[in-house]
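Below: the structure, in structure tokens.
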Amino acid sequence: MKKKLILSMLALAPLFSFAQGEKKTDAPFKNTCTKTNFFPFLKKGYRPQIAAALVGGVQMNNTEFDETTSLMGVELSLQCPLLCTRKNYIRQQLSITQSDGSQLHFTNIELNPHYRLKVTKAFELSAGPGFGVSFVKVGNASTSLFTYGVGASAQYYFKKVFVAVEPRYMLTDDVKMSTQADGLLYSGNFNSLKVLAKVGLRF
């Protein structure tokens, strides 16, 4: 995991240096909707305005072991293709992250639509629900779980580069994990609080 962290920080370095040399923009993303409507991707003026980010942080788990694990991953976002609002806009965020501890390992795939509110020309606040699936491994036992929850974030934009922070709380149902050799390894849920830092690029 340390090797992954070092490689990710090296990958982020060019973005940080690029961000320092950029001027702030008046509009991070343009809202092309004149009224609230469904399925805007079917309309002629829809623009996805894709952005991608590297994600790092911590995952605080509701278990008796590996209570806090490091987390790394990537996130892709675009203007929501399902719902368009007249004021502000919704960004659809798809993230894939991996969280590793000494006994507990997660691979998370999450969809988080966020309603964005512009505070200044370069600063936004947002919040929204989250849905996804977690592939969990405890010792030699593994399972997959549906996850749901809520998140909130703050974004600061430069011309092409942005930085963001996001706490995200995700819930799961209770599960029992066991193997024939080891017996019952874990019984309970895998609720978690993720605290994420993002550095990304708008295309």
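In this note's numbering, the protein residues as written are 203 to 405.
Using N, Cα and C, we set each Cβ at its ideal position, and we do this for glycine too.
In this text, all values refer to a predicted model and were calculated from it rather than measured experimentally.
Nearest to V335 by C-alpha distance, out of A343, T309, L327, Y359, is T309. Per the C-alpha coordinates, the member of I292, L347, R293, T322 positioned closest to I311 is L347. Collapsing the DSSP output to three states places P242 in a helix. When DSSP states are grouped into helix, strand and coil, P230 belongs to the coil group. Here P283 carries a coil assignment [DSSP, helix/strand/coil].
Under the DSSP assignment, G334 falls in the beta strand (DSSP E) whose first and last residues are 325-340. In the structure shown, Y371 adopts extended strand secondary structure according to DSSP, grouped into three states. Excluding five sequence positions before and after A329, the CB atoms of its chain that fall closer than 8 angstroms to its own CB belong to H316, Y317, V352, G353, A354, S355, given in chain order. Cα atoms of N391 and L296: separation of roughly 23 angstroms, rounded to the nearest angstrom.
The alpha carbon of T271 has as its nearest neighbour, out of Q281, F325, G258, the alpha carbon of G258. It is roughly 33 angstroms from the alpha-carbon of V365 to the alpha-carbon of D375.
For the pair Q261 and A399, the Cα-to-Cα distance works out to about 12 angstroms.
For the pair L387 and S380, the CB atoms are nearer than the 8 angstroms cut-off. P369 and G275 have their C-alpha atoms some 15 angstroms from each other. L284 sits exposed, since fewer than 16 C-beta atoms from the chains shown fall within 10 Å of its C-beta.
Nearest neighbour of F360 by Cα position, chosen from H307, V401, N263, V367, turns out to be V401.
E269 sits exposed, since fewer than 16 C-beta atoms from the chains shown fall within 10 Å of its C-beta. Just measuring C-alpha positions, the residue of T345, T299, F325 sitting nearest N290 is F325.
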